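Oh and the sequence shown: position 250 is 561 in the working numbering, straight run, nothing missing.
For glycine and all other residues, C-beta sits at the position ideal for the given N, C-alpha and C.
Owing to the predicted nature of the structure, the values given are computational and were not obtained by experimental measurement.
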Amino acid sequence: MNDAPTLPNDLDAYWMPFTANRAFKTGPRMLARASGMFYYTAEGRPIIDGTAGLWCVNAGHGRREIAEAIQAQAVQLDYAPSFQMGHPLAFRAAGRIASITPPGLDRIFFTNSGSESDDTALKIALAYHRARGQATRIRLVGRERGYHGVGFGGMSVGGIGGNRRQFGAAILPHVDHLPHTHAPGRNAFTRGQPDWGAHYADALEGLVALHGADTIAAVMVEPVAGSTGVLVPPRGYLERLRELCTKHGILLIFDEVITGFGRVGRNFGAERFDVIPDIITMAKGLTNAAVPMGAVAVSDEIYRTVVEGAPEGIELFHGYTYSGHPLACAAAIATIDLHAAEDLPGRAAAMEGPFEAGAHSLRGMPGVIDIRNFGLIAGIELEPYPGRPTVRAARVMQRCFEDGVLVRTTGDTIALSPPLIIEQPHIDRIFDVLGHAIRAAA
Ligand SMILES: Cc1ncc(COP(=O)(O)O)c(C=O)c1O
312 MNDAPTLPND LDAYWMPFTA NRAFKTGPRM LARASGMFYY TAEGRPIIDG
362 TAGLWCVNAG HGRREIAEAI QAQAVQLDYA PSFQMGHPLA FRAAGRIASI
412 TPPGLDRIFF TNSGSESDDT ALKIALAYHR ARGQATRIRL VGRERGYHGV
462 GFGGMSVGGI GGNRRQFGAA ILPHVDHLPH THAPGRNAFT RGQPDWGAHY
512 ADALEGLVAL HGADTIAAVM VEPVAGSTGV LVPPRGYLER LRELCTKHGI
562 LLIFDEVITG FGRVGRNFGA ERFDVIPDII TMAKGLTNAA VPMGAVAVSD
612 EIYRTVVEGA PEGIELFHGY TYSGHPLACA AAIATIDLHA AEDLPGRAAA
662 MEGPFEAGAH SLRGMPGVID IRNFGLIAGI ELEPYPGRPT VRAARVMQRC
712 FEDGVLVRTT GDTIALSPPL IIEQPHIDRI FDVLGHAIRA AA
């Protein structure tokens, strides 16, 4: 145990991300350490981690295997330039990732976050079409209520009003959006995938008719949208999107930043849904969040088209100082080994039923207007207080924290995404505490 202070002495300097800074600083919620399924406050109060941090600590907290791999690597090679130089672990890490991505998606580009992975994927899509002589394909298609991080590309392709409005002046041109698939009137309280709504994918035909397929480079969607309130794809929707992209020569990008690494009961959502995109973006669970890292897996055809089609010299003008950072690579390899050794995707699949039952046990509680779930993800949507959106959910979140459970809010939805090592008593406790908090906020 190190002796770093667990309480700050001043809250002023830190401008917190995606946080109501003023409210937080009047009543800070501080986490001082973590182990397994639990966070602990500075006073030692245990908090069940109902969110795997931010959908990322999939193997649970404080995994010794990962920490030791990072420590060993820090001593062996702290850093190597990522441009024009290599180090063995980056190649090994890429190989390990390729060994679990869907067949054919086995060329790996390293980034440091989900946002960087998403922007990287969009740039690769543009570079690919240009390299194959289709430079008119510059249009990027996202989906309403999609979240693809905070870079200018991901923000523009993403479909969250609040994230875009503040920076509206700099939203990318040549971007369009499919409709979201959220249809509470038809699908409220569905367990798993809704039966209704595959036709939402057909809107892509409308964009093709409007702009011409020869102007569209890529469609980017999350297989299951998380940050916009847990939106599970209707049955047949992703399949239809795949069909239409193939028909029109458009690349399909799955943003698997939260659905990757076991969260939906398989290594990737692509596998679980049996729909293989051309590009997968990932981050978060890749290193169990112990070191920041993201990655983009692309098809061999994309890699070869861009790399072999280029004149001598650098083929893709893109990369980060910390692409394939040695400590991140060590963490990624150790994490993937741990996932395999403990069959964490299998564990998630086994716990999906009990987790679903726990989530849907909240049906009928005051203000609960929908419950959605898939894999180890659940969203409990609350009716907002009249004229005060997000306030009810924020109260529930605060009450849960006081009662020892960490949940997340996205708008008026309580989102849950626990570590994949969750067991029945944790599930019982999470939904018990959440139920009390929902009643208290009635
Ligand atoms: C689907 C998705 N894409 C991208 C991101 C952005 O990842 P990061 O915060 O690591 O940049 C997130 C983060 O929650 C996400 O959920």
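Residue i in three-state terms, based on DSSP
i      : result
Ala370 : coil
Gly453 : strand
Tyr351 : strand
Thr337 : helix
Thr539 : coil
Met593 : strand
Ala642 : helix
Gly278 : It is not possible to answer for residue 278, since the shown part of the chain is limited to 312 through 753.
Glu692 : strand
Asp513 : helix
His488 : strand
Ile741 : helix
Asp323 : coil
Phe666 : helix
Ile732 : coil
Ile377 : helix
Ala480 : helix
Asp360 : strand
Ala752 : coil
Ala661 : helix
Val532 : strand
Asp714 : coil
Ala726 : strand
Thr557 : helix
Asp648 : helix
Arg615 : helix
Arg551 : helix
Thr526 : helix
Pro328 : coil
Ala497 : According to the sequence shown, residue 497 is Arg rather than Ala. In the structure shown, Arg497 sits in a helix (DSSP, three-state: H, G or I).
Ala385 : helix
Ala345 : strand
Arg719 : strand
Arg502 : coil
Of the residues the options, the one placed nearest residue i, counting alpha carbons only
i      : options                        : result
Gly573 : Ile733, Asp321, Gln384         : Ile733
Leu727 : Glu713, Asp714, Met708, Pro392 : Met708
Thr431 : Val744, Val461, Gly624         : Val461
Ile749 : Met341, Ile680, His650         : Ile680
Thr720 : Arg658, Thr598, Val702         : Val702
Ala404 : Ala380, Pro414, Glu533         : Ala380
Ile682 : Leu542, Phe335, Ser393         : Leu542
Trp366 : Leu649, Asp566, Asp429, Asn599 : Asn599
Leu433 : Asp723, Ala528, Leu649         : Ala528
Asn684 : Met604, Leu563, Asp389, Pro545 : Pro545
Phe712 : Ile358, Arg577, Gly347         : Ile358
His372 : Arg344, Val744, Thr492, Arg356 : Arg344
Ala581 : Gly560, Glu694, Tyr548         : Tyr548
Asp429 : Gly355, Val718, Val532, Glu516 : Val532
Met348 : Pro414, Ile738, Ala378, Leu518 : Ile738
Pro695 : Val368, Ala753, Arg356, Ala639 : Ala753
Arg356 : Met662, His747, Ser410, Met341 : Met341
Thr632 : Ser538, Thr422, Gly722, Gln477 : Thr422
Ile408 : Gln477, Gly571, Asn498, Val452 : Gly571
Residue i beta carbon near ligand 2 (any heavy atom closer than 7 Å)
i      : result
Gly460 : Although ligand 2 was asked about, the structure shown includes only ligand 1 as ligands.
Anticipated Cβ contact below 8 Å, residue i with residue j, distance rounded
i      : j      : result
Asp525 : Thr447 : 5 Å
Tyr351 : Pro637 : Actually they do not touch by this definition, with Cβ atoms about 30 Å apart.
Leu597 : Glu376 : Actually they are not in contact, since the Cβ atoms of Leu597 and Glu376 sit about 15 Å apart, beyond 8 Å.
Ala642 : Ala601 : 5 Å
Ala481 : Phe463 : 6 Å
Ile691 : Val716 : Incorrect: roughly 13 Å between the Cβ atoms, too far for contact.
Leu745 : Leu687 : Rounded, the Cβ-Cβ distance is 15 Å, inconsistent with contact.
Ile564 : Asp589 : 7 Å
Thr724 : Gly496 : Actually they do not touch by this definition, with Cβ atoms about 17 Å apart.
Gly605 : Ser424 : 5 Å
Any chain C beta carbon closer than 8 Å to residue i
i      : result
Arg333 : Going by chain labels, chain C is absent from the structure shown, which holds only one protein chain.
Counting Cβ pairs closer than 8 Å, one from the segment 510-523 and one from the segment 552-564, do we hit at least three?
yes
Is there contact here, the segment 605-616 with the segment 439-451, by at least three beta-carbon pairs under 8 Å?
yes
Any chance you could list the beta strand (DSSP E) runs of at least 3 consecutive residues sitting entirely within the segment 390-473, in chain order?
418-422, 450-454
What are the uninterrupted segments assigned as alpha helix (DSSP H) that are 4 or more residues long and contained completely in the segment 563-607, given in chain order?
580-584
Assess contact between the segment 477-488 and the segment 448-458, defined as three or more Cβ pairs (one per stretch) separated by less than 8 Å. Is contact present?
yes
Flag this pair as touching only if the segment 382-390 and the segment 653-665 have three or more C-beta atom pairs under 8 Å; answer yes or no.
no
Quick check: the segment 392-409 against the segment 663-680, are there 3 or more CB pairs under 8 Å?
no
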